[in-house]
Amino acid sequence: MRHATEHADVAAVTDVAAVADVAAAELESALRGGPFHVALRAAIAARGLPLQRVQHHLTRHGVKVGVTSLSYWQQGARRPQRPESLRAVRALEEILQLPDESLIRLLARADEQSGPRRPAGRSYRSVVEASGVLERLLAELEVPRDSGVHTIGHHERVRVGACRELLGRESQQIVRAHKDGVDRYVAVHHGDPGCAPERMGVRALENCRSGRVRWDRDTGVLVAELLFDTRLRSGDTHLFRYGFDDGTAGVCTEYVRGFRSTGGQYALQVRFDERALPLRCHRFSQHSAAAPRGGRQNLALSGLHRSVHLVEPRVRTGIVGIGWDWE
């Protein structure tokens with residue numbers, strides 16, 4: 018029995034060594050030929066570091082990168098592009114014991130090969146991750162599951178800037194209380210990939226004032242508390258207006274709005290800068306983030322105000338939005 022155990026231990030050590038040799042060979046090959054995300058994934062695997070530990074090492078180097086961003090980088094879902102992200106890549110070369118400029122060169126090669134990239138819409142995975150973050154942020158604000166109000170009317174105006182970015186949005190909303198004592202509303206803004214929620218602004222425009230704000234850097238989710246000047250009783254209605262200033266991400270190609278409950282009217286208007294007009298616009302709908310898009314309908318851009326819109330007389334659970342194509 019003792020001999021059998023010793024033989025098993027020797028075999029286990031041999032297996033570990035073989036795995037390490039394979040990982041080292043895969044890393045060497047990835048560093049030579051790329052692409053970047055494969056090389057990064059191989060380097061992390063070769064060092065045996067979980068992403069939380071990689072993030073910890075980056076923090077010690079004075080660089081802040083979320084675990085979600087690291088995961089996207091090694092999957093190829095995103096590439097580091099911001100100056101802070103490029104600093105992180107150089108720090109990763111040191112942390113993962115890689116040759117200087119090895120990952121940076123692969124990034125440069127990927128940019129040369131791909132050329133200008135068309136921004137993609139949010140993936141189902143990013144929506145799911147954002148929903149989990151949203152629940153956490155709402156919990157930080159101690160928002161109950163039942164907010165105490167139903168939206169009976171919501172008119173949303175979205176502005177797209179000269180650099181094709183999401184400049185911001187403004188909402189006029191009418192709610193009806195279904196319980197006594199409601200004195201606030203929590204609004205949610207989800208920026209485009211690469212946005213910086215810490216640089217976004219919240220504007221309380223009419224019949225409300227700004228309260229607490231929470232945000233998550235990795236998913237681009239921001240929640241803002243809007244305080245009413247009165248406590249609503251059950252059956253009371255309240256009309257208020259607020260906005261979010263964004264402009265922190267790259268090219269925007271769509272705007273979507275999700276609904277968890279039915280009822281109420283929703284209108285969405287998207288207005289474009291005269292220096293950056295889309296080729297075509299369309300509306301769409303989805304039963305859920307995981308479902309295929311349907312209900313596509315072309316929208317004509319108005320000449321004077323350079324805008325398109327959609328109206329849902331009575332919303333249903335799911336998603337509606339407007340998308341557009343650039344040249």
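Take any residue in the sequence shown, note its place counting from 1, add 17, and you have its number in the working numbering.
Idealized CB from N, CA, C, for every residue including glycine.
Every value quoted in this text rests on a predicted model; they were computed, and no experiment measured them.
From residue 167 to residue 196, what distance separates their C-alpha atoms?
-> Counting from 1 along the sequence shown, the entry for residue 167 is found at position 150. Counting from 1 along the sequence shown, the entry for residue 196 is found at position 179. Their Cα atoms are separated by approximately 10 Å.
Just the Cα atoms here: how many angstroms apart are residue 311 and residue 295?
-> Here the question's residue 311 lines up with position 294 in the sequence shown. Here the question's residue 295 lines up with position 278 in the sequence shown. Going from the Cα of residue 311 to the Cα of residue 295 covers about 21 Å.
Evaluate the contact criterion for the region 154-169 versus the region 212-224: three or more CB pairs, one atom per stretch, below 8 Å.
-> no
Buried or exposed: residue 54, going by 16 or more other Cβ atoms within 10 Å of its Cβ?
-> Mapped onto the sequence shown, residue 54 falls at position 37. The residue is buried, with at least 16 neighbouring Cβ atoms inside 10 Å.
Is residue 192 buried or exposed, if buried means 16 or more other CB atoms sit within 10 Å of its CB?
-> The residue given as residue 192 occupies position 175 in the sequence shown. So residue 192 counts as buried.
Do the CB positions of residue 71 and residue 112 come within less than 8 Å of each other?
-> The count along the sequence shown starts at 1 and reaches residue 71 at position 54. The count along the sequence shown starts at 1 and reaches residue 112 at position 95. The answer is yes: Cβ separation under 8 Å.
Burial state of residue 317 (16 or more Cβ within 10 Å) = Reading the sequence shown from its first residue, position 300 is the one you call residue 317. Exposed, because fewer than 16 other Cβ atoms sit within 10 Å of the Cβ of residue 317.
Okay, do the region 288-306 and the region 199-215 touch, 3+ Cβ pairs below 8 Å being the bar?
-> no
How far does the beta strand (DSSP E) with residue 206 in it reach, from first residue to last?
-> Numbered from its first residue, the sequence shown carries residue 206 at position 189. It spans 199-207 - the beta strand (DSSP E) in which residue 206 sits, taken as one unbroken run.
What is the DSSP secondary structure of residue 294, reduced to helix, strand or coil?
-> Stepping through the sequence shown from its first residue, residue 294 is reached at position 277. Coil at residue 294, not helix or strand.
Taking the runs of the beta strand (DSSP E) that are 3 residues or longer, which of them lie wholly in the region 220-284?
-> 226-233, 238-249, 254-262, 271-276
Span of the beta strand (DSSP E) holding residue 174?
-> Position 157 of the sequence shown holds residue 174. Where residue 174 is concerned, the enclosing beta strand (DSSP E) stretches over 166-177.
Beta-carbon proximity of residue 218 to residue 290, cut-off 8 Å = Start at 1 with the first residue of the sequence shown, and residue 218 comes out as number 201. Start at 1 with the first residue of the sequence shown, and residue 290 comes out as number 273. No. Outside cutoff.
State the CB to CB distance for the pair residue 325 and residue 339, rounded to an integer number of angstroms; the pair is presumed to be in contact (CB under 8 Å).
-> Here residue 325 is taken as the residue at index 308 of the sequence shown, counted from 1. Here residue 339 is taken as the residue at index 322 of the sequence shown, counted from 1. Confirmed, about 6 Å.
Reducing DSSP to helix, strand and coil, say where residue 299 ends up.
-> Indexing the sequence shown from 1 puts residue 299 at position 282. Of the three classes helix, strand and coil, the one that applies to residue 299 here is strand, per DSSP.
Burial state of residue 342, where buried means 16 or more other Cβ atoms lie within 10 Å | Residue mapping note: residue 342 aligns to position 325 of the sequence shown, counting from 1. Classification for residue 342: exposed.
Once you ignore the five residues that flank residue 370 on each side, which residues in its own chain have a CB closer than 8 Å to its CB?
-> No answer is possible for residue 370: the residues shown for the chain start at 18 and end at 344.
Do residue 333 and residue 282 have their C-beta atoms within less than 8 Å of each other?
-> Position 316 of the sequence shown, counted from the start, is the residue given in the question as residue 333. Position 265 of the sequence shown, counted from the start, is the residue given in the question as residue 282. Their beta carbons are not under 8 Å apart, which means residue 333 does not touch residue 282 by this criterion.
Separation of residue 201 from residue 229, as counted between CA atoms = As a working mapping, residue 229 is identified with position 212 in the sequence shown. As a working mapping, residue 201 is identified with position 184 in the sequence shown. Residue 229 and residue 201: Cα-Cα distance of roughly 11 Å.
Drop a sphere of 10 angstroms on the beta-carbon of residue 56, count the other beta-carbons inside from all chains shown, and report buried for 16 or more, exposed for fewer.
-> What you label residue 56 is simply residue 39 of the sequence shown in a count that begins at 1. Classification for residue 56: buried.
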